[in-house]
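Reading through the structure tokens given below for one structure.
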Amino acid sequence: MMDALIRSLIDGLLLGFVYGIAAMGLTLIWGVMNVINLSHGSLIALGMFSVYYLFVGLGIHPYIALVLTAVLGLIFGIIIYFIAVHRVINAPELSTLLATYSVNMMILGIGTAIFTTTPRNIPLDLGSIQFGDTVITMTRLIAAIISVGVAVGLFLFLKYTRPGRYIRAVTDNRDAAEIVGVPSAQVLALTFGLGTLLAAVSGGLIATFFPFTILSGETYELKSFVIGVLGGLGNPVGSLFGGLILGLIEGLVPMAMPTTWTPVLEFVLFVLILLVAPNGLFGGEE
Amino acid sequence: MAILELHDVTSGYGEVQILWGVSISLQKGSMTSLVGANGAGKTTLLRTIMGLNKAWSGQILFEGKDIHRLAPHTRAARGLVLVPEGRQLFTHMTVEENLLMGASPKRARADINRNLELVYDMFPRLKDRRNQKAGTMSGGEQQMLAVARGIMASPKVLMIDELSLGLAPFLVLQLFESLKKLRETGITVLLVEQNVQMALAVTDYAYVLAEGKIEIEGPSKVVASNPEVKKAYLGL
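Protein sequences appear in the order of chains G and V.
Heads up: the first sequence begins at 9 in the working numbering, then just goes up one per residue.
Heads up: the second sequence begins at 115 in the working numbering, then just goes up one per residue.
Structure follows, in structure tokens:
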């Protein structure tokens, strides 16, 4: 019993890191440009398919495929920004919501036509390692390590590089950024690209241990919203902790009740946080 | 030689017209003041020159080229720099990060170290506080930072909106002294000021804006002795 509990706990925590970077993508876009990206879930799913086809189709090792997927995600996000988001960026939030929702519907529609909804599975087995009595699946452990690396990388990028400083400046005051010479539209496009990159990478990682279809992203999008609210929207570091909390719930719930209760508990938590601490447990952007 | 010229510029917000055909001309290396009552359109004029407001009609020539269709960041990249009203700092960033942001245009990046030294020399206070978040500083310090951020851009034309607003008199004097020093480096300055007496005392040329039009212009000394100006703006 105790072993099973510890194992579930560890599994949940490892998964939580991956959820964390998915939520980071959502919350980065929201924090910088006040856009609720409703295509987030389908972008996560595209990340899954990208790693799948690079591996199964072209024989590229999944973790190298992940790097390519990150690059593709960045480029795709920038394209989405200029096609669908840029023209409504100054409009009320409902417009950007609808714009990203239509991107979502397009990806899902085309994706369903091409990939069908037959579940896929990335045949990657790296075995497991044993600590005492607990067994950890390698793919999960590696996914967690990569997620932490991505999160740290994002933090350093925002803190210490020129484009990172530009993103923070545009978040702080877009007009002021323009008058000191920052091309703010390009900075917003980069931000959307980074958010998409995070979505795609998290999807690619999840696909290394869970089966998926083009419709799988929705679940993770909803989780990202819960995590975003837990950690404070617009607070990427909070996202990581929010992810861990959700991962814990996911690990522990099956010990006590049927797995189908997991989303129920998650959304009860979501509503509670909104009621009690609307800025999140770790503070929002303001 | 004129570095910045406006011909018959009109502009406003939404349906409301604020500027009704403004023409001004800044001589290279000069210091010009723009004075006028509240609501005369001074801030709108600076925002229009910078591109934050669209010019509805007319021409804005910077170094002889029409810039009225360029985005604000492109104008900044060419050397047209605004220190905006209300400071508009990056309040969540540190003092030094704000200064580095000021040096965003490519042409300013080579001068970063020299400019940092210059502004820290001009405002030692900023050096002491360089790791502090800009939003946590006093109003006077924030105003210093706003001016310093403008200088970091290596401006050809520096436009300052309400330099003295809300500041203690000794600080105002200090800032004006700094401006005089700046001018020796060859920068052209356009100063919008509520403190009309002070503005006319330090600048070479002056425009008086009233109801969106230039009402009076001339060398600052002449404008200062204009009976209308004395009565309306100097309280004499």
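Backbone N, C-alpha and C define an ideal beta-carbon position, used for all residues, glycine too.
Any C-beta of chain V sitting closer than 9 Å to the C-beta of G/Arg95? Translated into the one-based positions of the first sequence, residue 95 of chain G becomes position 87. False, the Cβ-Cβ gap to chain V never drops below 9 Å.
G/Asp183 versus V/Leu166: straight-line alpha-carbon distance, rounded: For the purposes of this step, residue 183 of chain G is identified with residue 175 of the first sequence, where counting begins at 1. For the purposes of this step, residue 166 of chain V is identified with residue 52 of the second sequence, where counting begins at 1. C-alpha separation (whole angstroms): 8 Å.
Could you tell me whether the segment 62–69 of chain G touches the segment 229–242 of chain G, where touching means 3 or more Cβ pairs closer than 8 Å? no
Is it right to say V/Ser268 is buried, meaning 16 or more other beta carbons lie within 10 angstroms of its own, or is it exposed? As a working mapping, residue 268 of chain V is identified with position 154 in the second sequence. Looking at its Cβ environment, which holds 16 or more other Cβ atoms inside 10 Å, V/Ser268 is buried.
Out of curiosity, what's the CA-to-CA distance linking G/Asp11 and G/Leu260? Stepping through the first sequence from its first residue, residue 11 of chain G is reached at position 3. Stepping through the first sequence from its first residue, residue 260 of chain G is reached at position 252. Looking at the two C-alpha atoms, the distance is approximately 13 Å.
Taking the alpha-carbon of V/Leu230 as reference, which of V/Arg263, V/Gly143, V/Ala313 has the nearest alpha-carbon? Counting from one through the second sequence, the residue named residue 230 of chain V turns up at place 116. Selected option, being the one with the closest Cα: V/Arg263.
Does V/Gly165 get closer than 9 Å to chain G when you measure Cβ to Cβ? Here residue 165 of chain V refers to the residue found at position 51 of the second sequence. Interface residue, yes.
Closer than 9 Å to chain V by CB, G/Asn181: For the purposes of this step, residue 181 of chain G is taken as the residue at position 173 of the first sequence. Chain V, which has a Cβ nearer than 9 Å to the Cβ of G/Asn181, makes this yes.
With distances taken Cα to Cα, identify the nearest neighbour of V/Gln141 among V/Pro333, V/Lys344, V/Pro341, V/Gly349. Reading the second sequence from its first residue, position 27 is the one you call residue 141 of chain V. Ranking V/Pro333, V/Lys344, V/Pro341, V/Gly349 by Cα distance to V/Gln141 puts V/Pro333 first.
Can you list, in chain order, the residues of its chain whose CB lies under 7 Å from that of G/Thr125, leaving out five sequence neighbours each side? Locating residue 125 of chain G in the first sequence gives position 117, where the first residue counts as 1. Excluding residues within five positions, the ones whose Cβ falls inside 7 Å are Thr221, Ile222, Leu223.
Taking only beta-carbon atoms, is V/Thr188 less than 9 Å away from chain G? To locate residue 188 of chain V, count along the second sequence from 1; it is residue 74. For V/Thr188, the answer is yes, since a Cβ of chain G falls inside 9 Å of its Cβ.
Helix, strand or coil at V/Asp122 [DSSP, three-state]: As a first step, residue 122 of chain V must be located in the second sequence, where it is residue number 8. Strand at V/Asp122.
Could you give the first and the last residue of the continuous alpha helix (DSSP H) run that contains G/Tyr174? Along the first sequence, read from residue 1 onward, the residue named residue 174 of chain G stands at position 166. Its alpha helix (DSSP H) spans residues 170–180.
To the nearest angstrom, how far is it from the Cα of G/Thr270 to the Cα of G/Phe25? The residue labelled residue 270 of chain G in the question sits at position 262 within the first sequence. The residue labelled residue 25 of chain G in the question sits at position 17 within the first sequence. The alpha-carbon atoms of G/Thr270 and G/Phe25 are separated by roughly 18 Å.
Using a Cβ-Cβ cutoff of less than 8 Å, which residues in the same chain neighbour V/Val337 once the five nearest sequence positions on both sides are dropped? As a working mapping, residue 337 of chain V is identified with position 223 in the second sequence. Hits under 8 Å: Leu314, Ala320, Val322, Ile330, Glu331, Val343.
Cβ closer than 7 Å: which chain G residues qualify as neighbours of V/Glu211? Taking the first residue of the second sequence as position 1, residue 211 of chain V is located at position 97. Residues of chain G passing the Cβ test: Arg173.
My guess is that V/Met266 and V/Gly216 are in contact by the Cβ rule of under 8 Å, so how many angstroms apart are they, rounded? Residue mapping note: residue 266 of chain V aligns to position 152 of the second sequence, counting from 1. Residue mapping note: residue 216 of chain V aligns to position 102 of the second sequence, counting from 1. Yes, they are in contact, since the Cβ atoms of V/Met266 and V/Gly216 sit about 3 Å apart, within 8 Å.
When the cut-off is 9 Å and only beta carbons count, does V/Val136 lie next to chain G? Against the second sequence, residue 136 of chain V aligns to sequence position 22. Not one chain G Cβ lies under 9 Å of V/Val136.
8 Å contact criterion, which G/Val272 and G/Leu254 should meet: CB distance rounded: Against the first sequence, residue 272 of chain G aligns to sequence position 264. Against the first sequence, residue 254 of chain G aligns to sequence position 246. Contact doesn't hold; Cβ gap of about 13 Å is too wide.
Using a Cβ cut-off of 8 Å, pull out every chain G residue sitting near V/Pro198, in sequence order please. For the purposes of this step, residue 198 of chain V is taken as the residue at position 84 of the second sequence. The contacting residues are Asp183, Ala184, Ile187.
For chain V, find out if any of its Cβ atoms is closer than 9 Å to the Cβ of G/Ser307; answer yes or no. Since the first and last residues shown for chain G are 9 and 294, residue 307 of chain G lies out of range.
Which residue spans inside the segment 38–117 of chain G form an unbroken alpha helix (DSSP H) run of at least 4? 48–64, 70–88
Quick check on V/Ala116: does DSSP put it in helix, strand or coil? Within the second sequence, residue 116 of chain V is the residue found at index 2, counting from 1. Residue state, collapsed to three classes: strand.
Once the 5 residues before and after G/Pro70 are set aside, which same chain residues still bring their CB inside 7 Å of it? Here residue 70 of chain G is taken as the residue at index 62 of the first sequence, counted from 1. Val59, Phe63, Ile130, Leu132, Thr216, listed in sequence order.
Tell me whether V/Thr250 is buried or exposed, calling it buried when 16 or more other Cβ atoms sit within 10 Å of its Cβ. Within the second sequence, the letter at position 136 stands for residue 250 of chain V. That one is exposed.
G/Leu106 beta carbon less than 9 Å from that of G/Val43: As a first step, residue 43 of chain G is located in the first sequence; it is residue number 35 there, counting from the start. As a first step, residue 106 of chain G is located in the first sequence; it is residue number 98 there, counting from the start. Not in contact: G/Val43 and G/Leu106 (Cβ atoms no closer than 9 Å).
Neighbour flag for V/Thr205 against chain G, beta carbons, 9 Å: Residue 205 of chain V sits at position 91 when you count from the first residue of the second sequence. Yes, its Cβ sits closer than 9 Å to a Cβ of chain G.
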